[in-house]
Structure formats: C-alpha cells, structure tokens
Amino acid sequence: MSSTESEEHMKLRDDLRELRTTFSSFRADQFDYSYLQALKVNVSSMDLDNPDKKPNFFTACRASLLLDPDDEYDRGKRITYPDFESTDPIHRRPIDCAKNLIAYFSSYITANDIGSETKISATSWSSISLGEKPFDGLDEYKEPEFGVTSAIRVRNSSHPHVKAMIYNDLEGKDGRLLRGEIILALRIILAQARWRRLFGHMTVPVLLFSFMGRQHARIIEAYFDGKLLVMRPTRLFDLCDKDKVLIKRFGQWYFGEPTGETRKKLRS
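Offset between the sequence shown (1-based) and this note's numbering: plus 2.
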C-alpha cells in the first residue's frame, strides 16, 4: 500500500480527466464502436460463457451458491418481476424500464447476501457511499438521464476493483455504447483512483451492470490501459420477459471475486 502518488499515477489521472471532459462535451447520446477508437476508447466484446472472452479482472461465483430466481422465489419474497407487456404503457419509458429491472436485481442480490437460504455474504465487498466524496456527483440529470444506483468495492482495499449498477434513460443497441456508460466508467475510475491507499495500483477495473430502456441490460468491464479507455461490453440481453437463468448469471458476476494484475506499469 502506497500513500505517495507517483508521477505515472498522476499522469493516469490527468489522462482520465481529459477523457471525461471530452465525453462530457459531446451532445451525441450513443457512439458506434468503430468511431470510439478515434476518441481513445478501445471496445472489445465480452462473452460471459466464452473462457477466452470473459472479464479480465473479475471472476464469477459458483451458481450453486445462489438462490434460483424462479416463481417460487418471487412468491416467497413477495416481489413481482416487471414483465414488459404487463407494465402499464405509461410506465414503459426507458428510465422506468431500467429502474424496474434494477429494483428486481437489487432485491435478488440482497436476498442472496443476507438471506437465510444461503450464506453467501459478500465478505470481500463493501458498499460505497455515493453521497460522499469522491463518489458524489456521478449522476447526470439532464435528458437523457443516467446514474449509479449502487456500487461496491473490495472491503480491505487490497484491490482497486469496483462494481456498480447503472441506468440510462435510453434504449441501447448492440454495436454502440451509451454516452452515459462511458462517462460513468470514467467518473468511477477517477473517484476510486483518488484514494491514497490505492496509489500503488495503476489499473482500476470497473464492472458495470448496465440497465436501460425496453428492459435490456448488459455487463461492461472498463479500465484504462495507459493509452485508451478499454470498454468490454457483452451483447444486450432482452429482459422484457423474465429470464431466471440470466438473472442468476448476472448474480454470479456480482458476487464473484477480483482478479488480475493491477500494479504493473501501464503501456506508454
């Protein structure tokens, strides 16, 4: 653990701030993957079921440790999955769809974290207070709104990794990243990189659970490699109808452990 910031680490933060300023100035809400390379963002696809395309800095926990989010689970927890077609059309705005999904997924996470059925308390992770510095001000409320509803980091600060649930008031498309996804990744990385006890880490990996309009979601791994912001999105998953296998799969990655080398010097 280092409390002295190296010149390389200071440059890392300067480069990230420059990227954040660049994307904050854009009016475009979505960016084609092919266009982002010119803006210092390298996009490469991620596949949770392909060993060669899984996250580089995060692992998944065993499925057997988690509750099955089936109909019996819903009845027992007295919750209802927000099926898109069953939702009143007035509540089908992108932001409503995103927040409805987050509410269900958050409830599932809580049930696994503190429920009596399983003992999978997330001992490696602790909640981040989003109202306190340096994690305040992550959200953006002008249309289209985006923000972070919850975030966690490694409890003992032995790793710089962060996981966050985010929402966007937009409908996404495969082959494009939302401006909100990019800005939130940058803001979270910058906030985490400000902690003195993490100055020895040159890479701050972030795993975003991104929810958006028409009840779609994806997971994105994000980190800065010294030159480019790396964004590794999965495909968009359709959750208009309940997919208990997918919900549980997301849960596996939420409860998984940090991994990967984060202290080595970045490429120059």
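Beta carbons: idealized from backbone N, C-alpha and C, even for Gly.
Because the structure is a prediction, the values reported are computed rather than measured.
- According to the DSSP assignment, Glu87 belongs to no beta strand (DSSP E), since it is labelled neither H nor E.
- Approximately 7 Å separates the beta-carbon atoms of Leu200 and Gln194; this is inside 8 Å, confirming the contact.
- Listed in chain order, the non-local C-beta contacts of Val45 below 6 Å within the same chain comprise Tyr35, Leu38, Met233, local neighbours out to five positions each way being set aside.
- For the region 189-254, not one full-length alpha helix (DSSP H) segment reaches 4 residues or more.
- Relative to Glu142, the option among Pro235, Gly182, Asp17 whose CA is nearest is Gly182.
- With contacts defined as CB atoms closer than 8 Å, Trp127 and Arg95 fail to qualify as a contacting pair.
- Per DSSP, the continuous beta strand (DSSP E) segment holding Lys165 begins and ends at 164-170.
- When the Cα atoms are used, Gly177 and Ala30 turn out to be separated by approximately 15 Å.
- As DSSP reads the structure, Ala153 sits in a beta bridge with Ala166.
- When secondary structure is reduced to three states using DSSP, Leu14 falls in the helix class.
- CA-to-CA, the gap between Asp16 and Val43 works out to about 16 Å.
- Note that the C-beta distance between Phe60 and His203 is not below 8 Å.
- Judged by DSSP in its simplified three-state form, Asp72 adopts coil rather than helix or strand.
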